[in-house]
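Numbering (this note's numbering), first residue to last: 226 to 707.
In this text, a Cβ means the ideal position worked out from N, Cα and C, and glycines have one as well.
What follows is a short report on a single structure.
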Ligand SMILES: Cc1ncc(COP(=O)(O)O)c(C=O)c1O
């Protein structure tokens with residue numbers, strides 16, 4: 226790993242790119258932000274960007290594209306069937322991910338839909354390191370269940386354990402013994418486990434999972450949406466790979482997996498997604514579902530331009546200077562918040578900084594959604610849009626009961642090469658102020674709750690007038706400042 230040291234000893238993540246296309250941002254007054262919250266049901270997904278200053282909702286589809294990606298888009302071949310853009314993408318998938326057969330899909334959850342349709346039946350169980358919202362929804366829609374098999378350390382938010390995304394091997398063996406291998410169509414490993422704070426697994430762990438999968442004849446599926454970042458952290462943290470390249474580690478991870486699927490919105494800073502494998506049997510199982518749900522097999526619902534951007538983006542995933550930027554900024558923000566006593570998931574992971582709402586808002590019971598409340602409060606006092614990753618993002622159980630999340634997090638996503646360091650410092654500053662005034666944050670309750678993936682479009686309201694009180698304190702301290 227390359228490191229650039231500052232003479233004065235400061236530890237600052239230096240941008241290794243220059244900004245050539247820019248987009249204007251809006252920082253609207255706090256009064257407007259309060260109105261926007263009410264209009265958007267205190268759900269940051271429902272804000273529109275004219276009211277958002279720093280959009281830290283997600284890195285999905287929001288990473289900055291490179292000049293080479295943009296250039297490649299110009300050579301798109303829009304043929305319905307047999308497009309040369311798809312041929313270029315196939316080559317990129319084979320070169321970068323080491324898989325010969327590619328099924329294109331319009332985004333990551335579409336890959337999950339295809340896999341769930343093909344392999345999940347009532348009574349199926351999918352062991353995984355941890356669920357992702359859309360993954361779980363697709364599995365349960367088909368009548369399957371999931372079981373999450375992390376080590377206890379993963380639930381310790383204030384930790385220095387380098388591989389919290391590791392799957393607990395003893396629990397995996399136990400789950401297979403209890404439920405029977407025939408009821409387990411695949412084991413799922415998620416790279417840079419999203420919902421526990423973007424935490425990686427190690428190659429050693431993946432090898433151990435592979436050995437168990439082989440022992441019982443079960444397929445191993447890798448969710449590779451955040452593969453580059455997981456590989457980057459393996460090189461940084463796993464001794465055996467300290468001299469390896471990101472590309473070598475990626476190849477090792479995909480070699481150990483029978484099926485690799487991904488959201489290209491994340492993996493290759495484009496749009497789209499894919500499922501790839503070297504197993505013709507798997508390819509044949511999935512092939513008929515692509516024209517049914519996505520589009521013809523050489524575009525899968527993705528525009529040809531995006532397919533070109535995806536191919537170039539995949540190669541760029543191998544470039545350490547592309548991959549290191551977001552984790553570098555995240556580490557910077559996590560350290561800065563931690564230094565100020567703000568509970569934040571440690572060690573710093575990828576995708577974003579994750580603040581611990583369960584602790585920050587310990588006065589708000591889980592049934593009043595502390596992470597949702599903290600995300601709304603942060604938006605109100607800063608215009609920064611984070612994402613609730615707590616109980617609002619959980620789904621009710623099969624009997625309709627609320628299930629509370631293991632962690633109540635607010636994710637402050639840092640997409641690749643989008644923000645500047647002064648913007649990150651602004652987030653730090655406003656979080657410090659909010660933490661000092663956290664007693665003013667109150668709870669939320671649902672007024673509109675969709676039956677599936679409720680966090681996307683659900684509407685909430687504050688349990689009392691806490692937003693007005695928080696705004697009043699903001700104005701007292703900041704005067705006319707935005
Ligand atoms: C780990 C993981 N899997 C799957 C998905 C779904 O991908 P998409 O948003 O492209 O549907 C995401 C999206 O954030 C993700 O983080």
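Whose C-beta lies closer than 8 Å to the C-beta of residue 393 among residues of the same chain, with five residues either side of it excluded? For the purposes of this step, residue 393 is taken as the residue at position 168 of the chain shown. Non-local beta-carbon contacts of residue 393 in its own chain, meaning distances under 8 Å to residues more than five positions away in sequence, involve 374, 375 and 376 in chain order.
In whole angstroms, what is the alpha-carbon distance linking residue 341 and residue 363? Along the chain shown, read from residue 1 onward, the residue named residue 341 stands at position 116. Along the chain shown, read from residue 1 onward, the residue named residue 363 stands at position 138. Cα to Cα, residue 341 sits roughly 6 Å from residue 363.
Limits of the alpha helix (DSSP H) - the one that residue 361 falls within: As a position in the chain shown, residue 361 is number 136, starting the count at 1. Going by DSSP, residue 361 is part of the alpha helix (DSSP H) stretching over 358–366.
According to DSSP, which residues form a beta bridge with residue 330? By 1-based counting over the chain shown, the position of residue 330 is 105. Within the DSSP bridge table, the entry for residue 330 names 498 as partners.
I believe residue 478 touches residue 415 by the beta-carbon criterion, under 8 Å. Please report the beta-carbon distance rounded to the nearest angstrom. For this step, residue 478 is matched to residue 253 along the chain shown. For this step, residue 415 is matched to residue 190 along the chain shown. Under the criterion of beta carbons closer than 8 Å, residue 478 and residue 415 do not qualify as touching, at roughly 12 Å.
Along the alpha helix (DSSP H) that carries residue 519, what are the first and last residues, could you check? Walking along the chain shown from the start, residue 519 turns up at place 294. Element bounds for residue 519: n/a, residue is neither H nor E.
Given the structure, does residue 332 come close to ligand 1, in the sense that its CB is under 6 Å from one of the ligand's heavy atoms? Counting from one through the chain shown, the residue named residue 332 turns up at place 107. Indeed, a heavy atom of ligand 1 lies less than 6 Å from the Cβ.
Just verifying my parser: in three-state terms, what is the DSSP assignment at residue 305? On the chain shown, position 80 is the one that residue 305 refers to. Residue 305: coil per DSSP, three-state reduction.
Opening and closing residue of the alpha helix (DSSP H) in which residue 509 lies: As a first step, residue 509 is located in the chain shown; it is residue number 284 there, counting from the start. Its alpha helix (DSSP H) spans residues 505–511.
Per DSSP, residue 535 forms a beta bridge with which residues? Residue 535 sits at position 310 when you count from the first residue of the chain shown. Answer is none; residue 535 lacks a bridge partner.
Does the region 238–255 come close enough to the region 574–591 to have 3 or more Cβ pairs within less than 8 Å? Segments in contact, no.
Environment of residue 612 [buried if 16+ CB atoms lie within 10 Å]: By one-based count along the chain shown, residue 612 stands at place 387. So residue 612 ends up on the buried side.
Helix, strand or coil at residue 579 according to DSSP, with G and I counted as helix: Locating residue 579 in the chain shown gives position 354, where the first residue counts as 1. Per DSSP, reduced to three states, the secondary structure at residue 579 is strand.
If you measure from the CB of residue 373, is any heavy atom of ligand 1 nearer than 6 Å? The residue given as residue 373 occupies position 148 in the chain shown. Flag unset: Cβ of residue 373 not near ligand 1.
Span of the alpha helix (DSSP H) holding residue 453? Your numbering for residue 453 matches position 228 in the chain shown. Here the alpha helix (DSSP H) through residue 453 covers 452–462.
Determine the DSSP secondary structure at residue 389, reduced to helix, strand or coil. Position 164 of the chain shown, counted from the start, is the residue given in the question as residue 389. Here residue 389 sits in coil by DSSP.
Closer than 6 Å: is that where the CB of residue 415 sits relative to any heavy atom of ligand 1? Here residue 415 corresponds to residue number 190 of the chain shown, with the count starting at 1. Yes.
At a threshold of 6 Å, does residue 490 count as lining ligand 1 (C-beta to nearest heavy atom)? On the chain shown, position 265 is the one that residue 490 refers to. Taking 6 Å as the cut-off, the C-beta of residue 490 counts as close to a heavy atom of ligand 1.
Start-to-end residues for the beta strand (DSSP E) that takes in residue 370: Here residue 370 refers to the residue found at position 145 when the chain shown is read from its first residue. Where residue 370 is concerned, the enclosing beta strand (DSSP E) starts and stops at 370–373.
Are the region 322–340 and the region 480–498 touching, with three or more C-beta to C-beta distances below 8 Å? Touching, yes, given that three or more Cβ pairs across the two stretches are closer than 8 Å.
Taking 7 Å as the cut-off, decide whether the C-beta atoms of residue 543 and residue 471 are in contact. In the chain shown, counting from the first residue as 1, residue 543 sits at position 318. In the chain shown, counting from the first residue as 1, residue 471 sits at position 246. Taking C-beta atoms as the reference points, residue 543 and residue 471 count as a pair closer than 7 Å.
How would you label residue 244, buried or exposed, when you count the other beta carbons within 10 angstroms and need 16 or more for buried? Position 19 of the chain shown holds residue 244. The residue is exposed, with fewer than 16 neighbouring Cβ atoms inside 10 Å.
Can you tell me whether DSSP reads residue 398 as helix, strand or coil? Counting from one through the chain shown, the residue named residue 398 turns up at place 173. Correct three-state label for residue 398: helix.
Please determine, among 603, 623 and 619, the residue with the shortest C-alpha to C-alpha distance to residue 652. The residue given as residue 652 occupies position 427 in the chain shown. Of the listed residues, the one whose Cα sits closest to residue 652 is 603.
What residue from 447, 305 and 557 has the CA that sits closest to residue 637's CA? As a working note, residue 637 is residue 412 in the chain shown. Cα-wise, what sits closest to residue 637 is 557.
Within the region 653–690, ranges of the alpha helix (DSSP H) (whole runs, at least 4 residues): As summarised for the region 653–690, the continuous alpha helix (DSSP H) elements at least 4 residues long and confined to that stretch are 679–682, given in chain order.
Inter-residue Cα distance where the pair is residue 426 and residue 388: Here the question's residue 426 lines up with position 201 in the chain shown. Here the question's residue 388 lines up with position 163 in the chain shown. The alpha-carbon separation between residue 426 and residue 388 amounts to approximately 5 Å.
Which of the three DSSP states, helix, strand or coil, is assigned to residue 377? Counting from 1 along the chain shown, the entry for residue 377 is found at position 152. Helix, per DSSP.
When you compare each of 358, 366, 332 and 322 to residue 343 by their alpha carbons, which one comes out closest? If you number the chain shown from 1, residue 343 lands on position 118. If you compare the alpha carbons of 358, 366, 332 and 322 with that of residue 343, the shortest gap goes to 366.
Simplified DSSP state of residue 314, which is helix, strand or coil: As a first step, residue 314 must be located in the chain shown, where it is residue number 89. Three-state DSSP puts residue 314 in a helix.
Is any heavy atom of ligand 1 found at a distance shorter than 6 Å from the C-beta of residue 393? Start at 1 with the first residue of the chain shown, and residue 393 comes out as number 168. Outside the cutoff, so no.
For a quick check, are the C-beta atoms of residue 641 and residue 288 less than 7 Å apart? Within the chain shown, residue 641 is the residue found at index 416, counting from 1. Within the chain shown, residue 288 is the residue found at index 63, counting from 1. Against a cut-off of 7 Å, the Cβ pair of residue 288 and residue 641 comes out as a contact.
Residues bridged to residue 638 [DSSP beta-bridge criterion]: On the chain shown, position 413 is the one that residue 638 refers to. Residue 638 is bridged to 577.
Give a yes or no on whether the C-beta atoms belonging to residue 435 and residue 447 are separated by under 7 Å. By 1-based counting over the chain shown, the position of residue 435 is 210. By 1-based counting over the chain shown, the position of residue 447 is 222. Cβ atoms of residue 435 and residue 447: not closer than 7 Å.
Please work out which residues of its chain come closer than 7 Å, Cβ to Cβ, to residue 283, disregarding the five sequence neighbours upstream and downstream, and give them in chain order. As a working note, residue 283 is residue 58 in the chain shown. Here the set comprises 612 and 638.
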